[in-house]
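Engineer: Per the numbering used here, residue 1 is the first one in the sequence shown, and the count goes up by one each step. Here's a structure for you.
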Amino acid sequence: MPSLKKPAHKPASKMQKIALVLVGAGLGVALSLSFNAVADKEASTNPLPVDELRAFSTVFGLIKQSYVEPVSDKKLIDNAIKGMVSGLDPHSDYLDADAFKDLQVSTQGEFGGLGLEVNMEDGLVRVVSPIEDTPAFKAGVKPGDYIVKIDDTQVQGLSLNDAVTKMRGKAGSTVTLTLLRKGESKPMVLQLKRAIIKVQSVKSQLAEAGYGYIRITQFQERTTENLASALTDLYKQNKGPLKGLVLDLRNNPGGLLTSAVGVSAAFLPKGDLVVYTEGRTADSKVRLTADRANYMREDAKSDYFQNLPKDVKNVPMVILINGGTASASEIVSGALQDHKRALVLGTQSFGKGSVQTVLPIDATSALKITTARYFTPNGRSIQAKGITPDIEVAEATVAGRGDFSALEVHESDLEHHLDNPTDKDAGKVKPKDPATTPAIKLNDAPQIKPQKLTASEVDADGPRQLVSKNDYQLQQALNVLKVQQLLQNKAAAPAASAPVAAK
1 MPSLKKPAHK PASKMQKIAL VLVGAGLGVA LSLSFNAVAD KEASTNPLPV
51 DELRAFSTVF GLIKQSYVEP VSDKKLIDNA IKGMVSGLDP HSDYLDADAF
101 KDLQVSTQGE FGGLGLEVNM EDGLVRVVSP IEDTPAFKAG VKPGDYIVKI
151 DDTQVQGLSL NDAVTKMRGK AGSTVTLTLL RKGESKPMVL QLKRAIIKVQ
201 SVKSQLAEAG YGYIRITQFQ ERTTENLASA LTDLYKQNKG PLKGLVLDLR
251 NNPGGLLTSA VGVSAAFLPK GDLVVYTEGR TADSKVRLTA DRANYMREDA
301 KSDYFQNLPK DVKNVPMVIL INGGTASASE IVSGALQDHK RALVLGTQSF
351 GKGSVQTVLP IDATSALKIT TARYFTPNGR SIQAKGITPD IEVAEATVAG
401 RGDFSALEVH ESDLEHHLDN PTDKDAGKVK PKDPATTPAI KLNDAPQIKP
451 QKLTASEVDA DGPRQLVSKN DYQLQQALNV LKVQQLLQNK AAAPAASAPV
501 AAK
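In structure tokens:
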């Protein structure tokens, strides 16, 4: 469990504060978001609004006196705090004892649940992304699915916290989810077995001789050093320098800011700017560069990248992104794109350009609040806009599977989202296309007999392979790298000898 005390390492004290700032997907209280805590914050010296507090006190007293049932003081105060914070933006939240405890352990990369990134939309829980190798992923839950029922409880009317709590439980116990999905005429019922979710944040494989593939699923405490190990293994497997590298950040909801800086630093020259943040307080104004002080853990003995092959800094790269690429993964994409270190391929990313800080209130509760916006090295804000790929390639429909891109949720779709300070048009609400938006009629669902699906029926091909020939975006990324290799070989080839004139 991470400590909530102030870091003791004085030379990097400012960095240590910002290092604990979270850059997660922030999609409500998701089942798998990783958050860390930053310690002290000075209390505001602004005077309290007397008239407004008097009105609050009056309402409090009237409820205590006249409500149909007795209500405890704690419940009223907790509800008041939740309402005050939830009205700020989609990523600020009041964390009660249970939520605070989950937050403190989740950044370790292990937590209980089903393995779902979710948010609330129109009173229903909408799946943003299932995490690979988890019960939800193996059962065939898809991005864009609506969870309308958890066991025998209708989701409509529940808060997101309550819905998430109902999906959690002891590992090995079962939970039944009723889902609505575009293209399906009947609700789908999946019975899932809860598990302790241990997320392997970095996965790697040689896509083919000379070309490496690395997928980062989340940015956790050990993601940077795991990336270093993955790169070392790829070079060993290839028995020499790589011709190209694909960094897959699709459906990566974000995570720790320090890990995002570390991943960027693996491919950038020392000292290059990775990201900077702007907020109201002095602590929220920080510039983070590709230097070890900005990504090394305190207990690390040596730089994770000191033994990597030198050409890691120059190997041609393509980054894969989509609508599930959010926050910390957008920082990496934006940094490598701005420095022209990698080409970005895929579809528009999620668009979360804000930073959350977790401020402990007492031993059992905390406030997760937005404290800054972040900017790419060239000064771009991706808030409510996202990263625009250099090469736009939509995910192709594979036989037997639908195209779920129309159901992707973006930051601009969330209520109370922050504006983009560098792009006035970002985040403007666009009318939904009825042809691509599923009609949700919750009252009709009980009249339809749900179909019972097994994991094998939903995902007939079994668990998705890390490198698949059916992955159209990945195959296009490899084609781009091969073209770059051909151009490099052509440029390096000696000039052809001038033709000798015939006698």
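Even glycine gets a Cβ: it sits at the ideal position worked out from N, Cα and C.
Provide the residue(s) that pair with I77 in DSSP beta bridges, ordered along the chain.
Structural biologist: None, per the DSSP bridge assignment.
Engineer: Quick test of your reading: G271 and F219, contact by CB under 8 Å. State the CB separation rounded to the nearest angstrom.
Structural biologist: About 22 Å separates the two Cβ atoms, so there is no contact after all.
Engineer: When DSSP labels each residue in this structure, what does P135 get in the three-state scheme?
Structural biologist: Correct three-state label for P135: helix.
Engineer: Give the DSSP-derived three-state secondary structure of A228 in the structure shown.
Structural biologist: helix
Engineer: Pop quiz: L192 and A139 are said to be a contact at Cβ under 8 Å. What is the actual Cβ separation, rounded to whole angstroms?
Structural biologist: 5 Å
Engineer: Please check if any C-beta of chain D sits within less than 7 Å of the C-beta of P49.
Structural biologist: Structure shown: chain D not included; a single protein chain is present.
Engineer: Taking the C-alpha atoms as reference points, what is the distance between D98 and S365?
Structural biologist: 8 Å
Engineer: Around the C-beta of Q383, are 16 or more other C-beta atoms found within 10 angstroms, so that it is buried, or is it exposed?
Structural biologist: buried
Engineer: So the beta strand (DSSP E) S204 belongs to, where does it begin and stop?
Structural biologist: V202 to E208
Engineer: For the alpha helix (DSSP H) containing N119, list its first residue and its last residue.
Structural biologist: Unbroken run through N119 is the beta strand (DSSP E), L116 to E121; no alpha helix (DSSP H).
Engineer: Just the Cα atoms here: how many angstroms apart are A55 and S159?
Structural biologist: 26 Å
Engineer: Take V261 and list the residues in its own chain whose beta-carbon comes closer than 6 Å to its own, dropping the five residues that flank it on each side.
Structural biologist: V274, L288, N294 and Y295
Engineer: Contact defined as beta carbons within less than 8 Å: I believe D151 pairs with T176. What is the distance between those atoms, to the nearest angstrom?
Structural biologist: 5 Å
Engineer: Bridge partners for Y213 per DSSP, in chain order?
Structural biologist: Q205 and V246
Engineer: If you draw a straight line from the C-alpha of A282 to the C-alpha of A372, how long is it?
Structural biologist: 11 Å
Engineer: If you count every other CB in all the chains shown that lies within 10 Å of the CB of D425, and 16 or more means buried, which is it?
Structural biologist: By the 10 Å Cβ count, D425 comes out exposed.
Engineer: Here's a check: name, in chain order, each residue in its chain whose Cβ is nearer than 6 Å to the Cβ of Q205, leaving out the five neighbours to either side.
Structural biologist: Y213, L466 and V467
Engineer: Here's a check: name, in chain order, each residue in its chain whose Cβ is nearer than 7 Å to the Cβ of F404, leaving out the five neighbours to either side.
Structural biologist: Interpretation of F404 is limited by its pLDDT of 47, a score under 50 that renders its predicted location unreliable; no figure is taken from the coordinates.
Engineer: Grab the span of the beta strand (DSSP E) containing I369 for me, first residue to last.
Structural biologist: A366 to F375
Engineer: For T505, which residues from the same chain have a beta carbon less than 8 Å from its beta carbon, with the 5 sequence-adjacent residues on both sides left out?
Structural biologist: Because the chain in this structure spans residues 1 to 503, residue 505 falls outside the shown range and cannot be described.
Engineer: Please state if the CB of F350 and the CB of T325 are separated by a distance shorter than 7 Å.
Structural biologist: Yes, these two residues count as a Cβ contact at 7 Å.
Engineer: When DSSP builds the beta bridges, which residues end up paired with M296?
Structural biologist: None; M296 has no bridge partner.
Engineer: Taking buried to mean at least 16 other C-beta atoms within 10 Å of its own C-beta, is K243 buried or exposed?
Structural biologist: buried
Engineer: Can at least three beta-carbon pairs, one atom from the stretch 332-345 and one from the stretch 317-324, be found at a separation below 8 Å?
Structural biologist: Segment contact: the stretch 332-345 against the stretch 317-324, three or more CB-CB distances shorter than 8 Å; contact assigned.
Engineer: Which same chain residues end up closer than 7 Å to K236 when comparing Cβ atoms and leaving out the 5 residues on each side of it in sequence?
Structural biologist: none
Engineer: Are S333 and V315 closer than 7 Å when you measure CB to CB?
Structural biologist: no
Engineer: Between S57 and the rest of its own chain, which residues show a CB-CB distance below 8 Å, the 5 nearest in sequence each way excluded?
Structural biologist: none
Engineer: Measuring CA to CA, which of A163, S92 and D133 is closest to E121?
Structural biologist: Out of A163, S92 and D133, A163 has the C-alpha closest to the C-alpha of E121.
Engineer: My assumption, with CB atoms under 8 Å, is that F267 sits in contact with K313. Please give the rounded CB distance.
Structural biologist: 6 Å
Engineer: For D51, does the three-state DSSP call read helix, strand or coil?
Structural biologist: helix
Engineer: Return the residue from the list F100, S173 and T165 that minimises the CA-CA distance to P135.
Structural biologist: S173
Engineer: Less than 7 Å between the beta carbons of L504 and S329, yes or no?
Structural biologist: No statement about residue 504 is possible, as the shown extent of the chain runs from 1 to 503 and does not include it.
Engineer: Going by beta carbon distance, what residues of the same chain come within less than 8 Å of T376, once the five residues before and after it are set aside?
Structural biologist: V275, I331, G334, A335, Q337, D338 and I382
Engineer: Going by DSSP in three states, A43 sits in which element: helix, strand or coil?
Structural biologist: Note that A43 scores 45 on pLDDT, short of 50, meaning its location in the model is unreliable and no value can be drawn from it.
Engineer: Could you tell me the distance, in whole angstroms, from the CA atom of Y472 to the CA atom of E208?
Structural biologist: Going from the Cα of Y472 to the Cα of E208 covers about 15 Å.
Engineer: For P269, count neighbouring Cβ atoms within 10 angstroms of its own Cβ and tell me buried if that reaches 16, exposed if not.
Structural biologist: exposed
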